[in-house]
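First residue of the sequence shown: 1, per UniProt numbering; consecutive thereafter.
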Amino acid sequence: MRIEMEVACLRHGALARDTIVAGGNQACDPHERGHGPLRADQAIILDIFPRSGNTGFFGDITRTVVKGRAPEPLRHLRDTVVRGQKRVLQQTRALANGAKIQTELRTWFQNQGYPTELQKGRWTGFFHGVGHGLGLEIHEAPRYATPSLPLSTVVTVEPGLYVPGIGGVRIEDVVLIRPGAPKKLTRFPNVWEIR
């Protein structure tokens, strides 16, 4: 699947490297590239960040899909991430305190039953940043967790929850910071179950 995704980018003039296709418990590690078979009824995180051959700018998108039908605990995990991303997007605007928004999201996830904690030597819950600046580098300033989100910058909004035994879910979209609501630049739909 990784090769197919990267070839599709090449066909459109972009180069993608280190694409993540991680299923099952592998999806519980945000930086695991994934290996081995992808199994039905488990979360599969697809994270691709191609660079345009024309402009040099990066794109970045993550979707979590299930081939088949998601079990109820995984469905609840995904619904919580979707609602969490909506909460963040509603607060994202120029000069907003990204650090405060990120902290509030972590607390909200905990109140939904997904605390961020170390279990058996492994982090669970929401243990990475909400997002990062995106441009000529894949990770550039500003980090989303800055005290004041600068006007007219492009950032990712990528909350995720990772629970071994259930799976990992991350949804990432790219937005332009404006005085009012951010402009969503990602056009790809948020597909969930693939039958």
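Virtual Cβ for every residue (Gly too), placed ideally from N, Cα, C.
{"Item": "Bridge-paired residues (DSSP) for T156", "Value": "V174"}
{"Item": "Length-filtered (3 minimum) beta strand (DSSP E) runs lying within the region 90–153", "Value": "117–119, 122–124, 140–143"}
{"Item": "Validate contact between the region 171–184 and the region 108–122 using beta carbons, cut 8 Å, 3 pairs", "Value": "no"}
{"Item": "Among L74, A94, A181, G131, nearest to T62 - alpha-carbon criterion", "Value": "G131"}
{"Item": "DSSP three-state assignment for T80, whether helix, strand or coil", "Value": "helix"}
{"Item": "Exposed unless 16 or more other CB atoms sit within 10 angstroms - verdict on F126", "Value": "buried"}
{"Item": "Contacts around residue 217, its chain only, beta-carbon distance under 7 Å, and the 5 residues preceding and following it disregarded", "Value": "No answer is possible for residue 217: it lies beyond the span of the chain, which begins at 1 and ends at 195."}
{"Item": "Cβ contact check for the region 163–170 and the region 135–149: 3 or more pairs under 8 Å", "Value": "no"}
{"Item": "Straight-line Cα distance separating P37 from S148", "Value": "43 Å"}
{"Item": "Residue environment, I194, which counts as buried when at least 16 other CB atoms sit within 10 Å", "Value": "exposed"}
{"Item": "Span separating the alpha-carbon of S152 from that of L161", "Value": "28 Å"}
{"Item": "I20 vs G34 beta-carbon contact at 8 Å", "Value": "yes"}
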